[in-house]
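Asker: Under mature numbering (1 follows the signal peptide of the UniProt record, and there is no 0), the residues of the sequence shown are numbered -19 to -1, 1 to 996, in order.
Backbone N, C-alpha and C fix where the C-beta goes; we use that ideal spot for every residue, glycine too.
Everything numeric in this text was worked out from a predicted model, so none of it was measured.
Take a look at this one; I'll ask things after.
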Amino acid sequence: MSSRGKYCVFLFLLKSILSDPGTSNQDQTSKSPQLNTPPYEDPTLVLMPVVLLDTTTVLGELDWKTYPVNGWDAITEMDEQNRPIHTFQVCHVMEPNQNNWLRSGWIQRQAAQRVYVELRFTLRDCNSIPWVSGTCKETFNLFYLQTDGPLPDSTRFRPTDYAKVDTIAADESFTQTDLGDRVLRLNTEVREVGPITQKGFYLAFQDVGACIALVSVKVFYKRCPSTLRNLATFPETVPQMDSSSLVEVRGSCVENAEERDTPKLYCGADGDWLVPLGRCVCSIGHEEMDGYCQACKPGSFKAYAGNTKCSKCPLHSSSHDQAATICHCDKGFYRALKDPTTMACTRPPSAPRNLVSLINDTALFLQWMPPSDTGGRKDITYNILCQRCGGSDSSGAVTQCEPCEPDLHFIPRPLGITGTSVAILDFAMLASYTFHVEAVNGVSGLGMTARSLANVTVTTHQAGPALVGVVRKDWASQNSIALSWSEVEKPPSDIVDYEVKYYEKEQEQLSYSSTRTKAPSVVVTGLRPSTVYVFHVRARTAAGYTAYSPNFEFTTAAEDPDIADQGQVLVVVTASVGGFSLLVILTLFLLITGRCQGYIKARMKSEEKRRTRFHSGHVPFSGIKTYVDPDTYEDPTQAVEEFAKEINPSYICIERVIGAGEFGEVCSGRLRVPGRMDISVAIKTLKGGYMDQQRRDFLREASIMGQFNNPNIIRLEGVVTKSRPIMIVVEYMENGALDSFLRARDGQFTVLQLVGMLRGIAVGMTYLSEMGYVHRDLAARNILVDESLVCKVSDFGMSRVLEDDTEAAYTATGGKIPIRWTAPEAIAYGKFSSASDVWSYGIVMWEVMSYGERPYWEMSNQDVILSIEEGYRLPAPMGCPVTLHQLMLHCWQKEYSQRPHFSDVLSFLDKLIINPSGLLNLANDVQSFADSPDDMPDYPLFISIGDWLDSIKMSQYKNNFLAAGYTTLDSISIMSIDDIRRIGVCLIGHQRRIISSIQSLRLQLHHIQQSGFQV
């Protein structure tokens, strides 16, 4: 059978398969366009592309052009549902040099800037066709041409006008056997076309000798669909022409909502909405429901704009309309002006209960019980209203009532009493008083309500005339006054004794004291210096007390300044000694209790699972808590709740996206906690569609950071776990990562400033090592720098495998570690400790002193491992002091037990900062050497210039050195940076690498010569 005849069999089979897809074994998992759901979005929202052309839906003829005419064949068949099947096929496999073109009609691009073409086709395996060796192909080409309108039919077809998109190959091909078995394999391929800048375009398909059938062509573009987010609507948006750029789209608040921060979304290239910023909130009288703001139902209200729900009307209030902003009080109930609208309506209290009076010779007391009905309030006070009635008529009724005399004294006061008793002084003898005790609360003055009064009438006793005349001051000291007086007239009976009542004038009789004496004189003691006192004196006879004498005012003597100073010194000394003793006792108590509580709490954690890591020889300082591994918790959520503070998401204002992390976007913004100043923060977000394990891994770092409190450790502000998206909020470091910060400011800092940065890192690492925490990924990229150049250790996620770290390499255990920063024992055996962190710190020192240069330059990871094993160590960077390079070498000791502790490193740097003269000798000056060759590591000895250049990956400069006359190691050991430039090394990074290696080589040669050897 001919190839064209065989293809007729194929078309018959294709028609039956397209009519009944269930009989086809076409690959449904091939490269069909992915319909994603965006992060943070409802997963039920499916992104649907905009289709510009779909040949399976075209009812009429396609009218596509073929060049030449006898190249591609257009075949239209009807399926059993009377739908057309448009198929284009070509199978000139027997003839060489095929160049058959098929061009689509003009396709209008609409709003698209980039379009996608989905091709469904079948292709026959050339090996299944006999006698076609060398002429049969298994690919075809896709082209496109942009125009502002359809081309006239008379336009000549020129293949050179078309731009190639791609060569299309089949994943599955069919054979003659497949046709016999009625099995057909359809391929689906999707290609991106663009950018499209003109109004439309043509597609063209070039056959170069394949046996192929183009079953369908679908042209579409992606868009971010109109959506509703944070009570804001966002219109349908087409991604930008640049696939790496995001389109910022501002949203509009839904009806009955108002902006808090301008709502924004970013439209991604794949039609995903990303990074929601800002929000709208429902206005007063409305609540959020199903993404919209619905009016509050009758019987509920909402007084403030926000995303809170409508509240049920408080007690004794109601609302009868929708969208109520306040519930009105029922009849007889009220709200005070300062009452919040969420408070229940209340009413005035009832009258006080059980009002009684008690009178003695000097005072009248009123007592009562609180009202039985407080009106639903707690702000009850009492007012005392007084009337005095002079006598009674023939029927016994009291007449001539008038307000009480103004000099009547109430203790504590007549109005606004919070207690349930009052004392009344200076009342008249043989008089009738009527007292009204009124109970009031915050709503007593509202409405037409009766006053809540309790009444009592009191008749005072008869008293005799005052028998005491003028009271005189005989003498006065700082604390005493001597008084005497005379009787006005002869008493009607013998005087038993005298009562002297006195009080400070400024106290206005709020409290007073009294004393008795049998003689007409007294010495009143216990007074204050330079203070005015008021005195009353009355006599007591067998008939009772007489009236008080008039008021007399006397002043005590002034205080002696010298005595006062001595007294103050004595008081201060006594108070200081007592306070210090109390402080010592309290400190000891807190230390003992804190340790006990910390010990008990640590023991309560799962002891069997605890894997707290300590470096041998490193014992945590007293008073420093121990790091707790979050993995020891059966439920990791408990670790987050214990060590990280939950933040209300409304306090977080995201301002811009600053990067992308392992789990989602990283943004900068502000943390606005009420009652605190706004602070700048960095926000890590967990993208939508996460698994439980991803959530635990994301929050794990927060449960680690939350345990640290040190100025050189990045500070965790809190987490958001009870709403979406889940966030980790940390302090914002303005200058970013230390390595990129230094690279951008090469040579701009003094050596002392760089040492200060290293000291900050050492402070943070000393703190971590004392807590028993091993960082595992200490590198300049994981040190953040704030605006004051303070360096802080960050990135506490290395206890998990670093799957996406480009600096990592696989170890024997299957994990990934950053080879260039990791100690040899950690690379070989996975043995991480504080000592391995010290090795990494030495690499960080080298990065800082070289202004962010890459450790070991372009050496491969395997070369780095072998070089370290052979004893090679990084040379001193250009301009690095000898003392700092020696400290680096000390950190890079092969035996981890010989490396310094972080506390030793910190102490060494402190001494350098205090005495900067140790920083004057630079490594490239070779002014200072170690005491003996044994103090230096064993570097490999190079035989030739070529070997040396090969070892530092600078072999391209061999001819430069030889041409300039440098043929021995001795000759290059005296080269300067100017010599390096003069022989033709122009790149700054290469200059640094060579000069650093020369410095190291110079040290080796010096020690070798000191040992008596010759090079």
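#1: From the DSSP output, read off the bridge partner residues of H866.
#2: To the nearest angstrom, report how far apart G741 and I933 are at their CA atoms.
#3: Suppose the cutoff is 7 Å on Cβ atoms and the five residues either side in sequence are ignored; what does the same chain contact list for D919 look like?
#4: Along the chain, where does the alpha helix (DSSP H) containing P805 start, and where does it finish?
#5: Does the Cβ of V553 have 16 or more other Cβ atoms within 10 Å, making it buried, or fewer, making it exposed?
#6: Tell me, which residues are paired with M350 by DSSP?
#7: Scan the region 834 to 893 and note each continuous beta strand (DSSP E) run of 3 residues or more that stays entirely inside, going in chain order.
#8: Assuming N693 and V774 are in contact, meaning their beta carbons sit under 8 Å apart, how far apart are those beta carbons, in whole angstroms?
#9: Any idea if I581 is buried or exposed, counting beta-carbon neighbours within 10 angstroms, 16 or more meaning buried?
#10: Would you give the residue range spanned by the alpha helix (DSSP H) that L723 belongs to?
#11: Is there at least one non-hydrogen atom of the ligand ZN closer than 7 Å to the beta-carbon of G737?
#12: Mind checking S114: buried by the 16 CB within 10 Å criterion, or exposed?
#13: Answer yes or no: do R762 and D727 have a C-beta to C-beta separation smaller than 8 Å?
#14: On the premise that Y273 lies in contact with V235, defined as a C-beta separation below 8 Å, what is that separation, rounded to the nearest angstrom?
#15: With contact counted as at least three CB pairs below 8 Å, one residue from each stretch, are the region 691 to 709 and the region 661 to 673 in contact?
#16: Count the other CB atoms within 10 Å of the CB of S587; is the residue buried (16 or more) or exposed (fewer)?
#17: Cutting at 8 Å between CB atoms, please list the residues of its own chain near R172, excluding the five before and the five after it.
#18: In whole angstroms, what is the alpha-carbon distance linking R592 and D610?
#19: Excluding the 5 residues preceding and the 5 following D407 in the sequence, name in chain order all residues of the same chain whose CB lies nearer than 7 Å to its CB.
#20: If G52 sits next to N81, beta carbons under 8 Å apart, how far is it from one beta carbon to the other, in whole angstroms?
#21: Roughly how many whole angstroms lie between the Cα atoms of S154 and L104?
#22: Going along the chain, which unbroken runs of the beta strand (DSSP E) with 3 or more residues stay wholly within the region 264 to 326?
#23: Using a Cβ-Cβ cutoff of less than 8 Å, which residues in the same chain neighbour V452 once the five nearest sequence positions on both sides are dropped?
#24: Closer than 6 Å by C-beta to T536: which residues in its own chain qualify, once you throw out the five before and the five after it? Chain order, please.
#25: Nearest-angstrom Cα distance between G252 and E229?
#26: With a threshold of 6 Å on Cβ separation, who are the neighbours of Q89 within its own chain once the five nearest residues in sequence on each side are excluded?
#27: Measure the CB-CB distance between L347 and F416 and report whether it falls below 8 Å.
#28: Rounded C-beta distance between M738 and L770? I'm assuming under 8 Å.
#29: Is R757 helix, strand or coil by DSSP?
#30: Does the region 355 to 362 come into contact with the region 423 to 435, if we say contact requires no fewer than three beta-carbon pairs (one atom in each stretch) closer than 8 Å?
#31: Please state whether DSSP places T537 in a helix, a strand or coil.
#32: Can you give me the Cβ contacts of L40 inside the same chain, cut-off strictly under 7 Å, excluding the 5 residues immediately before and after it?
#33: Counting only the same chain and skipping the five closest in sequence on each side, list residues whose C-beta sits under 7 Å from that of T496.
#34: Which residues does DSSP list as the beta-bridge partners of K773?
#35: Taking just the CA atoms, how far does F102 sit from T169?
Answerer: In this structure, then:
#1: Looking at the DSSP output, H866 sits in no beta bridge, so it has no partner there.
#2: Spanning the two alpha carbons is a distance of roughly 31 Å.
#3: In this prediction, D919 scores a pLDDT of 38, lower than 50, which makes its location untrustworthy; the coordinate-derived value is nonetheless stated afterwards. Apart from the 5 residues on each side of it in sequence, D919 sits with its Cβ closer than 7 Å to the Cβ of G852 in its chain, given in chain order.
#4: Boundaries of the alpha helix (DSSP H) harbouring P805: 805 to 810, taken from the DSSP string.
#5: Low local confidence applies: a pLDDT of 45 at V553 is under 50, so the model's placement there is unreliable, and no value is given.
#6: DSSP lists R334 as the bridge partner or partners of M350.
#7: Here no run is fully enclosed.
#8: Yes, they are in contact, since the Cβ atoms of N693 and V774 sit about 6 Å apart, within 8 Å.
#9: Only weak support is given to the placement of I581: the predicted model assigns it a pLDDT of 34, under 50, and the question is left unresolved by the model.
#10: It spans 719 to 724 - the alpha helix (DSSP H) in which L723 sits, taken as one unbroken run.
#11: Of ligands this structure carries none, so the ligand ZN is not represented either.
#12: By the neighbour-count rule (16 or more Cβ atoms within 10 Å), S114 is not buried but exposed.
#13: In terms of Cβ geometry, R762 and D727 do not form a close pair [threshold 8 Å].
#14: Beta-carbon to beta-carbon, V235 and Y273 are separated by about 5 Å, close enough to satisfy the 8 Å threshold.
#15: With a cut-off of 8 Å, the region 661 to 673 and the region 691 to 709 count as touching, because enough Cβ pairs lie within range.
#16: With a pLDDT of 36 at S587, under the threshold of 50, the predicted position of this residue should be treated as unreliable, and no value is reported.
#17: Only residues of its own chain outside the window of five on either side were considered, and among them Y97, V98, L100, L123, V146, D147, I149 have a CB closer than 8 Å to the CB of R172, listed in chain order.
#18: The predicted model places R592 with a pLDDT of 36, which falls under 50 and marks its position as unreliable; any figure quoted below should be read in that light. Approximately 7 Å, taken between the alpha carbons.
#19: In its chain, beyond the 5 residues on either side, D388, L389, H390 have a beta carbon closer than 7 Å to the beta carbon of D407.
#20: Yes, G52 and N81 are in contact; Cβ-Cβ is about 3 Å, under 8 Å.
#21: Rounded to whole angstroms, S154 to L104 spans 5 Å at the Cα level.
#22: Every beta strand (DSSP E) of 3 residues or more that sits fully in the region 264 to 326 is shown, in chain order, as 267 to 270, 273 to 276.
#23: Residues of the same chain with a CB within less than 8 Å of the CB of V452, apart from the 5 flanking positions on each side, are L464, S465, W466, F516, V518, S530, F533 in chain order.
#24: If we look at T536 and ignore the five residues flanking it on each side, its Cβ neighbours are V513.
#25: If you draw a straight line from the Cα of G252 to the Cα of E229, it comes to about 13 Å.
#26: Scanning its chain for C-beta atoms nearer than 6 Å, with the 5 sequence neighbours on each side dropped, one finds around Q89 the residues G181, in chain order.
#27: A distance below 8 Å separates the beta carbons of L347 and F416.
#28: Between L770 and M738 the Cβ distance is about 7 Å, and since that is below 8 Å, they are a contact.
#29: Collapsing the DSSP output to three states places R757 in coil.
#30: Segments in contact, yes.
#31: Coil, per DSSP.
#32: P65, listed in sequence order.
#33: Closer than 7 Å at Cβ, skipping near neighbours: V481, V503, V505.
#34: The partner list for K773 (beta bridge, DSSP) reads L765.
#35: Take the alpha-carbon of T169 and the one of F102: they are about 7 Å apart.
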